[in-house]
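Just below is one structure, and these are the notes that go with it.
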Ligand SMILES: Cc1ncc(C[n+]2csc(CCOP(=O)(O)OP(=O)(O)O)c2C)c(N)n1
Ligand SMILES: Cc1ncc(C[n+]2csc(CCOP(=O)(O)OP(=O)(O)O)c2C)c(N)n1
Ligand SMILES: [Mg+2]
Ligand SMILES: [Mg+2]
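Protein chains in written order, with my numbering: chain A, 2 to 352; chain B, 2 to 352; chain C, 12 to 420; chain D, 12 to 420.
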């Protein structure tokens, strides 16, 4: 297991325990403190501190012009962030749910992602778009979607998904410091604790998990680097966000010696880590919550196949959300839990 | 070659020759005539007949309420079409360039695609969204994009791409009659004639091509069925739109006995035809103009790999647009022409 | 040249936050009856003042006064009152159901019942409504079975939406109630499209839609107004200004700088501002707008000035961002109390009848709940799993069929 | 009940189509000097009339009259005139270059030169402009080298945008000219964001943006107005109403029902309507709005009433949808001719000087074109192929590097 990843030079200090929300809050706090060009805005993020409380206390601490509410117009939020980025600021905006990022799609695709290229570097717009995504909270179809694949198809954007408080803070700081626009998708189901899809079992808080030890101050987790959470010899499981816990649980439950890789950054993806693993194991299962067809699993499958064809001993399997909207009452039938992953692992092993 | 596909029961009548624009116009004309619930709107489609002239003459023939101009608000165009669809009409709307469909993305994804499901069939919105896509016309990055992949990730939408006048008309009529929302992407580079990427060769008009024989009246080409344009034994090439001509040319030029499949419908894709072909040939090249990462080629690659793993003798290759915006001056460096396809075919053959 | 003073960023702030004592005496509330009632044929440009005034019918003595008095018969008023009571009782019960863990989520319309109810009374039964999540009152006013609403809230086997939607996101075509979306504002231009379709067909039905004041900031609001104006669509566009959008006060939506009704002016649409807690005013304004629409004069934008008495939803805690007693200080009162007092003033109602009407409403809700709960609440029982794969498309394509098979259902 | 008359759909139609004789005598054009000039501190609500009037300074005797006369010195006027002449000469030459196959596409601003030029003169050099594709006049007024503009149009090796953009989609940060987008309207709310950033930093620079009247229908227009109003952003939002959006007349954008300036009213922004072919009026209105912005009073929406004399672009043929002589019938004249006449009336210019200034402009353009063409036109020479893979991200990620390698560059 790659946990805990203590901060470099931490030298054995006892670190505070944070859940993912607190870690994200701490990242923004750190960056507001360090860089006067960082500012935060979005629906309800100001006085209230956000519907998931990620920006709690930041307006009080830094004032209303550094953390404020916006009108309910996601297109306007992203557009003004682009203008600010072009000015030289580093806006960090929250889209209340990833499901509500679509009204801003044109500004993201045609503008944020293209500005540097089309102006040959004359203009660029550093910005981070934070947004909670994914299911597992009975949010129904418009509070549960996983739209990551479409962002990975938009060249010019980076797409990042953390899976622990430690990574969440370190990756968010990297995203804020990055000079390109970053879509930072937060797996909302694991804001308060890791979740492996065993919804009938008691909830585990982050404090029980080593990766909840989060340094107070500044540190980064680099973009573009995956994390091998469990090494194994029999197959490779590629996952990100909430799904890494499903993967780990399936690996344990199945008794199959699987290597579990948390991608952390989807674009640019850490191809070397993926290829090294699949070349070793010869088998690969890819899991995500998003609908299957043209999901990010398709790209991963294509990449693995292209890079590791001669090492593959069985078809790569995708375990994903079904190609339906996320149905309220069928939360657990929809959510790709450890049983579905285990079944796929067995097929891949036998294949 | 699967051309010509004469209409059933045509009985040897001489048919008019149409280019793709004329065929699309004829499809709309036919449907306006047959069904009073069909109406057409979009930017400049009314009096002027559309910037590509696809709706020419329709306002004059059917009156201003059946074919009219709209404000420049793609979100409003799709939203009003949804409302009309919910009422019971069959709107056919034009988005002037596929690059401009993004402002309407939320209405397409969250509304058109979801309405039937979320209302359990209480409401639905039949509608067809026609839009010219793809490069090859020196249109620069905002008149050349190929956004098909993102629509295939949106469950609830169908995505259709014709490659000949005959198919364009037959598929458009099927799309209009379909009770689900259909994204109908028109490869603008081949509006006036097939194009194989050999930009230095004289332009060939449709009239020289058998599939420009288009019946005057009503006929359909079913959605969800691919067309084998060239049968072959050594490998399978999956393509759609303009790229089918690149594929055919590469097949001829390379001397490799490739089977060329024109998918025609991307979602739902004709999996049986694909699988039968790859099981026969054991090799597969996928081509599209869109940027590579998370393009529709990724899904095709994943599907082929999943279905035909044990038949594959070499890695599946993707030949695609680069992961950059479409650069104005580099039209032919960007466009995946026959040389790149041929090179990939050789690699796949040797692989 | 470069001797210019520094710029500064303005971020609007509400007057009161938790701990403050709210005081609305500064709020300009025009006298009931003081706003003129123009002919429906009026040029929108000539009634810009109506976007800044406030149409009110019920005066402080509970009388109906002025040109906007719709002169409804007492029986209609009583039915309106009962419908609002039923809505409130329904909200209370469903809210409690969520608190009891019987469903995942709920949203009340408490204090805003007149908005949906009076409009429903003023519209024809076959006009199509495109509501937000806070107009459940429309379904109730139109007599949709509470039982079915509850089954939807519980996602139980009798849920007409087959367990697919978040509670409160009803859909009832037969009752002229369009499927609610989770994405704010999308229904506004859809309503315009529906109205255009009705006009295209030479039909006589009109459409109406509702968004919150916060939602007016979405591009969809603008698309709706633009398309409605250009095609003179027979639609009523309602903005429910209940002062809050979750934790954001109306100033964050631009409410400090102008009224929401005034947004209409730039499109050449009539924009009228109405006391949203005054059943008669809402009825009269809706009626006026409906007549215009039916006479091919096009759309009207109505701002309904009201107050969100409860939290945004069961996920919200308003005490974190506004004074606890703000609702009580709100000067426009409670729509139910105001209509009740009017009926009493007319001699057509009394406290006893009110008490018993309220009991009836509560009892009706309770009975329906018993019936619905008996079929299961969230997590206890649900529609058959295989239905989860249906209705994505009209006909199930191969890939979804195979996924269903993969699931073994 | 069901005895209602059928609805019908209105689709706005322009007055004249090919073959008709255009007649604008019905068009209400207020007298020059007749519109009041309020103090910049005025409440936007109190100047709603300015959204329906038209600020004009040059009267029919070519005199500058009324309160909006910016009283510019003759030297400035001459520079303005020269700048407009240069813009027109540039447009003519580039249009011809496209016709000669030397580039793929071009868009002229003929007849609208005052819009960009006068605004540039009224703004500070370091204010940031977020233009549409029809404000090339800004670059020219600010002295950006024609040579570089042409290299961009030709996508040649000296193209500052490295052959990546369609001709006319310039970008020049050092000249306060934001990168033009192919997607309409996106720059409007971006300008608001830039202005908010400037205010956030206590800077003193303001932003200005331009969209066509057709583009006002995009959601982005609404986002821009909403955010500008809420945060009181120091930005000038210009709507260039040149009557046509490709083939659609302004009524399709809602122009038959209200003015575009009046769109401002509902946001509580000042909306002012200006004769866009009157250099002095455009200058004065921009100056007024800039002063407001710099005084932390926020945004202004300016409608510039003008006429698109030429086709939409080189891909367009306007004779298919409007009368060929409509431009000639247009009552607001030609901005160059009007400023020239004013200077002559002042005794500061004459036909000969004009003729020679025009020759100078044409010669300057020709010389630059020779220089630019010498480096290649589209298809003849272009930037190095490997640059095509650069600047997608600040640092090239592995997958793009591999694609570059795959291409062998
Ligand atoms: C596109 C979109 N953005 C954000 C949200 C999250 N959200 C749900 S309700 C709400 C507040 C809406 O306020 P308002 O329009 O005033 O309506 P009210 O709740 O007051 O009735 C927000 C921000 C959403 N559902 N959809
Ligand atoms: C989002 C988007 N939709 C459509 C287009 C296609 N288009 C380019 S220019 C134009 C007309 C714009 O008219 P207007 O805003 O009046 O500006 P003008 O050309 O008159 O200066 C259209 C529809 C586009 N570029 N972007
Ligand atoms: Mg509200
Ligand atoms: Mg225009």
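For every residue, glycine included, the Cβ atom is placed at its ideal position computed from N, Cα and C. Predicted, not measured: the structure shown is a model, and the values here were computed from it.
Residue 197 of chain C: contacting residues in chain B (beta-carbon distance under 8 Å): 80, 107, 108, 111, 112
Segment contact, 8 Å Cβ cut-off, at least three pairs: the stretch 299–319 of chain C with the stretch 363–372 of chain C: no
Closest residue to residue 337 of chain A among A/349, A/287, A/305, A/314 (Cα-Cα distance): A/287
Simplified DSSP state of residue 200 of chain D, which is helix, strand or coil: helix
C-beta neighbour in chain D for residue 334 of chain B, strict 9 Å: yes
Heavy atom of ligand 1 within 8 Å of residue 115 of chain C beta-carbon: no
Partner residues on chain A for residue 312 of chain B, Cβ-Cβ distance less than 8 Å: Near residue 312 of chain B there are no residues of chain A at all, since even the closest Cβ is about 11 Å away, more than 8 Å.
Coil, strand or helix - residue 5 of chain B by DSSP: In this prediction, residue 5 of chain B has a pLDDT of 45, which is less than 50 and means its spatial position is unreliable; what the coordinates show is noted afterwards. Residue 5 of chain B: coil per DSSP, three-state reduction.
Simplified DSSP assignment, three categories, for residue 139 of chain C: strand
Against chain D: residues of the stretch 120–131 of chain A by CB proximity under 8 Å: 120, 121, 122, 123, 124, 125
Residue 39 of chain B versus residue 101 of chain A - alpha carbon distance: 31 Å
Residue nearest to residue 371 of chain D in terms of C-alpha spacing, selected from D/129, D/93, D/64, D/403: D/93
Distance cut-off 8 Å: residue 255 of chain C Cβ against heavy atoms of ligand 5: As presented, the structure is devoid of ligand 5, carrying ligand 1, ligand 2, ligand 3 and ligand 4 as its sole ligands.
Within-9 Å CB hit, residue 143 of chain B to chain D: yes
Cβ-heavy atom distance, residue 343 of chain D to ligand 2, below 8 Å: no
Bridge partner(s) assigned by DSSP for residue 255 of chain C: C/260
7 Å CB neighbourhood of residue 2 of chain A in its chain, flanking five on each side removed: Below a pLDDT of 50, predicted positions are generally treated as unreliable, and residue 2 of chain A, at 40, falls in that range; no measurement from the model is reported.
Beta strand (DSSP E) segments (min. 3 residues) lying fully within the stretch 143–201 of chain B: 159–161, 183–188
Ligand 2 heavy atom lying under 8 Å from the CB of residue 194 of chain C: no
Reference residue 169 of chain B; option with closest CA among B/349, B/24, B/274, B/292: B/24
The stretch 327–347 of chain C: positions lying closer than 7 Å to chain A by Cβ: 331, 332
DSSP three-state assignment for residue 282 of chain D, whether helix, strand or coil: strand
Terminal residues of the beta strand (DSSP E) in which residue 190 of chain D lies: From DSSP, residue 190 of chain D is part of no beta strand (DSSP E); its letter is neither H nor E.
Beta-carbon contacts of residue 192 of chain B that lie in its chain and below 8 Å, excluding the five residues immediately before and after: 20, 21, 22, 53, 133
Inter-stretch contact at 8 Å, needing at least 3 Cβ pairs: the stretch 295–304 of chain B / the stretch 298–314 of chain A: yes
Classification of residue 189 of chain A by the beta-carbon crowding that lies within 10 angstroms, buried from 16 upward: buried
Inter-residue spacing [alpha-carbon to alpha-carbon] between residue 253 of chain C and residue 58 of chain D: 28 Å
Closer than 8 Å: residue 300 of chain B CB and nearest ligand 4 heavy atom: no
Chain A residues whose Cβ lies nearer than 7 Å to that of residue 306 of chain B: 302, 306, 316, 317
Contacts that residue 85 of chain B makes with chain C (C-beta to C-beta distance below 8 Å): 204, 205, 207, 208, 211
CB of residue 161 of chain A within 9 Å of CB of residue 150 of chain A, strictly: no
Buried versus exposed call for residue 378 of chain D [16 or more other C-beta atoms within 10 Å across all chains shown]: exposed
As assigned by DSSP and simplified to three states, the class of residue 313 of chain A: coil
Within 8 Å of chain B by C-beta, residues of the stretch 268–286 of chain D in sequence order: none
Buried versus exposed, by CB contacts within 10 Å (16 or more), residue 78 of chain D: exposed
Candidates C/24, C/20, C/18, of which the one nearest residue 267 of chain C by Cα: C/24
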